[in-house]
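For reference, the structure is listed below as structure tokens.
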Amino acid sequence: MEDDGTAVRLGGPEGWIRLWNRTHPYDDEMLAFCIEIGAVDMTARAHRVVVFNEAPEKFVGELAESFEGWSGTRVWESLDRDVRIGATYKSGGRGDMTWSLAPWRERDAWSASVTVRGVEAGEEMRRLAEDMRVLLG
Numbered sequence: 002m003e004d005d006g007t008a009v010r011l012g013g014p015e016g017w018i019r020l021w022n023r024t025h026p027y028d029d030e031m032l033a034f035c036i037e038i039g040a041v042d043m044t045a046r047a048h049r050v051v052v053f054n055e056a057p058e059k060f061v062g063e064l065a066e067s068f069e070g071w072s073g074t075r076v077w078e079s080l081d082r083d084v085r086i087g088a089t090y091k092s093g094g095r096g097d098m099t100w101s102l103a104p105w106r107e108r109d110a111w112s113a114s115v116t117v118r119g120v121e122a123g124e125e126m127r128r129l130a131e132d133m134r135v136l137l138g
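Numbering (the numbering used here), first residue to last: 2 to 138.
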């Protein structure tokens, strides 16, 4: 995970995500950001992902607080359903996070997903949530 002040990144070559470019597209409290997901030989981007009260950093923070584990898959979706995060707890205090993009406003519909495997369910998710809060807050 890296946060250079303008972007947040999680994962490695087998699966990674990057969030950047926070904007306020309207004259209200809504904000938008860009997200890029990737793996070997694959990259996908979604621009102007709009969020309001359904902040992804809050979702990741709640996962971090559940570091002892949870059942099934927990899910977060953006307001326009362009971005979906699914988190599944695995053994050894780690979880897999599947990040899916499906921008419906594009002329040609497409979707892409990548799974960041083995994310430490306590401290690593807490740091990710904090980095996201700094970027998106």
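No residue lacks a Cβ here, since even glycine has one placed at the ideal position from N, Cα and C. Remember, predicted model here, so these are calculated numbers, not experimental data.
Assuming residue i and residue j are in contact, meaning their beta carbons sit under 8 Å apart, how far apart are those beta carbons, in whole angstroms?
i	j	result
M17	T7	A small correction: the amino acid at residue 17 is Trp; Met does not occupy that position in the sequence shown. Their Cβ separation, rounded to whole angstroms, is 17 Å, which puts W17 and T7 out of contact at 8 Å.
M133	E63	Rounded, the Cβ-Cβ distance is 12 Å, inconsistent with contact.
G39	V115	6 Å
F53	E30	7 Å
F34	R23	5 Å
Could you tell me the distance, in whole angstroms, from the CA atom of residue i to the CA atom of residue j?
i	j	result
R106	H48	11 Å
S72	A56	22 Å
A122	T74	13 Å
V84	F68	23 Å
I36	R95	23 Å
L129	M43	23 Å
D81	R19	19 Å
Taking its Cβ as the centre, do 16 or more other Cβ atoms sit within 10 Å of residue i, making it buried, or is it exposed?
i	result
D109	exposed
Y90	buried
V135	exposed
V41	exposed
P26	exposed
S101	buried
For residue i, which residues does DSSP report across the bridge?
i	result
V117	M98
For this session: Could you pull out every unbroken alpha helix (DSSP H) segment of at least 4 residues lying fully inside the region 9-90, listed in chain order?
Result: The DSSP assignment places 57-66 as complete runs of the alpha helix (DSSP H) inside the region 9-90, in order along the chain (cut-off: 4 residues).
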